[in-house]
Amino acid sequence: CLPSEAHLWGRMETGDGAHDEWLVVGILLRLSAEQPDMTVTVRNSTEGELLLVEAAYCLPEWLTPQNSSNRAFLRSGNLHVLDSTSGSESLFRERKPLSLPEALAALRSPLLTPPGASPSQAPTAQPAATTALWRRVNASCDGQNGCPVLHTASALLPLRAARLLRASPQLVPAVAAAFESRAPGAMAAAAALPQVHKKSEGMAVIKLKFTRPMYARLVAQRFDLPTPCGLRAAASQHSHPGGGRVPPAVFDLGAKLAFGLELLVQQGIASPLRAGATPHPSTPEAGIPACLNPSPAAEAQGDAEVFAVGPQWERFRASLAARGYFRGELAGSRLHSELLARAKVAFHAG
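Below is the structure:
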């Protein structure tokens, strides 16, 4: 930090979301291009000089981890690397790590950008390295090169858990982390899923998005499903397209997420989702997030709340009707409702 001059400093924890840090790098690159007098440095706790690691194949051979401290900066929309041409020969001759004041003084030197010259023409600018950074930013934020940022998977969940995660998909990383870090004592208290699963509500299949490392860890986790939870019995009664059973991968993923959500609720981490009024401690479901404790009217709607109505679903339903899928049954009849429920499951299972 430089207490002698104005500066902004920030820190973020990305977890598995490596694409998040590259989203920030892209924002900072654009900001430095719009504010040419602004200098930016980006580091992370595992790789140190993040910008240099990504652009390693485009950098001078003399630059090493030992001498790279305070030598790489974003300025004027470019990655700049300070070398002996950047300022005083005596200061940079030995190519030792620089102090931040020394580095900033060199970057601001009029020798780097003579009047009328473009900042990208400065001897410290690294065009090839800047291109490598943009390539990484675009691949992370736009899903280019055939590598989408997020993985989409289907999960069979208790209805109230499906309702919550469909309405608040940003909870999925916290739910996954709670499951991965589960302790035996906490699992014993969560064995029956008292707050997440009501046997009278049924289950629903929904699609959720995961970072690829998060999904891989969830799938790789070995999990012996506690018998008191009743998920297997509920899954056996769940209507699936074609009358078959729910695929094991869909069931296993949903079971892990259900227990992760139960642990979150019990730990109180889901407190931002609670209703504004504090329930009385004697209330059996006190402390349950509002969307896990729906009103009787919401419960009567069943899994209809889980499935969002949108143009894709409407087109899908219209195509089924045109093909005679509903067998001429009136909307609201028992058979029509059963066929509609199966169509919803098929649509969201993909």
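The opening residue of the sequence shown carries number 4 in the numbering used here; numbering runs sequentially from there.
Beta carbons: idealized from backbone N, C-alpha and C, even for Gly.
Pick from the options: whose alpha carbon is nearest that of residue i?
i      : options                          : result
Ala252 : Leu343, Thr155, Leu31 and Ser71  : Thr155
Pro176 : Ala106, Ala346, Leu343 and Glu16 : Glu16
Ala21  : Phe213, Gln240 and Glu317        : Phe213
Glu317 : Leu256, Ala346, Leu54 and Pro216 : Ala346
Ser203 : Leu168, Lys259 and Pro161        : Pro161
Trp137 : Leu211, Leu323 and Glu24         : Glu24
Ala186 : Glu332, Pro104 and Phe226        : Phe226
Asn73  : Gly80, Ser102 and Ser322         : Ser102
Ser170 : Ile209, Lys201 and Ala191        : The question names Ser, but residue 170 is Ala in the sequence shown. Considering only alpha carbons, the answer is Ile209.
Ala193 : Pro229, Ala344, Leu153 and His10 : Pro229
Leu211 : Gly257, Leu196 and Ala195        : Gly257
Between the C-alpha atoms of residue i and residue j, what's the straight-line distance to the nearest angstrom?
i      : j      : result
Ala261 : Gly188 : 17 Å
Gln224 : Cys232 : 18 Å
Leu26  : Asn47  : 14 Å
Val1   : Leu342 : Since the first and last residues shown for the chain are 4 and 353, residue 1 lies out of range.
Gln304 : Ala207 : Note that Gln304 has pLDDT 42, beneath the 50 cutoff, so the model's placement of it is unreliable and no number is given.
Arg235 : His241 : 10 Å
Tyr60  : Phe76  : 17 Å
Arg320 : Thr134 : 46 Å
Glu64  : Asp86  : 11 Å
Val199 : Ala164 : 6 Å
Ala324 : Ala349 : 15 Å
Gly332 : Leu338 : Position check: residue 332 holds Glu in this sequence, whereas Gly was assumed. Taking the straight line joining both Cα atoms gives about 7 Å.
Gln269 : Arg215 : 27 Å
Gly271 : Leu167 : 15 Å
Pro68  : Pro104 : 20 Å
Phe329 : Ser157 : 25 Å
Ala58  : Leu107 : 21 Å
Gly327 : Ala131 : 59 Å
Gly13  : Glu37  : 20 Å
Ser7   : Leu31  : 23 Å
Leaving out five residues before and five after residue i in sequence, what residues of the same chain have Cβ atoms less than 8 Å from its Cβ?
i      : result
Arg78  : Ser35, Pro39, Met41, Thr42, Val43, Leu110 and Pro122
Leu53  : Glu24, Val28, Val45, Arg46 and Asn47
Val178 : Leu168, Leu260, Gly263, Leu264 and Leu267
Ala195 : Pro229, Pro231, Cys232 and Gly233
Considering only residues of the same chain and omitting the five flanking positions on each side of residue i, which have a CB-CB separation below 6 Å?
i      : result
Ala181 : Gly263, Leu266 and Leu267
Gly335 : none
Gln129 : Leu82 and Val84
Phe254 : Leu159 and Ala238
Glu50  : Val56
I'd like the list of long-range same chain contacts for residue i, defined as Cβ closer than 7 Å, with 5 residues on each side in sequence excluded.
i      : result
Glu183 : Arg220 and Gln224
Lys259 : Phe182, Leu221, Gln224 and Phe226
Kindly indicate if chain C contains any beta-carbon less than 8 Å away from that of residue i.
i      : result
Leu162 : No chain C is part of this structure, which consists of one protein chain only.
What would DSSP say about residue i, mapped onto helix, strand or coil?
i      : result
Phe262 : helix
Arg166 : helix
Thr155 : strand
Leu342 : helix
Pro161 : strand
Gly335 : coil
His22  : helix
Phe329 : coil
Ala135 : helix
Arg14  : coil
Ala75  : strand
With a threshold of 7 Å, establish whether the CB of residue i neighbours any heavy atom of the ligand FMN.
i      : result
Val222 : In the structure shown, the ligand FMN is absent, as is every other ligand, since no ligand is present at all.
| request: Could you tell me which uninterrupted beta strand (DSSP E) segments, each at least 3 residues in length, are contained entirely in the region 27-53, listed from first to last along the chain? | output: Listed in chain order, nothing qualifies, since the region 27-53 has no complete beta strand (DSSP E) run of 3 or more residues.
| Runs of alpha helix (DSSP H) lying entirely within the region 171-255, each at least 4 residues, in chain order | Counting only runs of at least 4 residues, the region 171-255 fully encloses the following alpha helix (DSSP H) elements, listed from N- to C-terminal order: 175-183, 187-193, 215-223 and 234-239.
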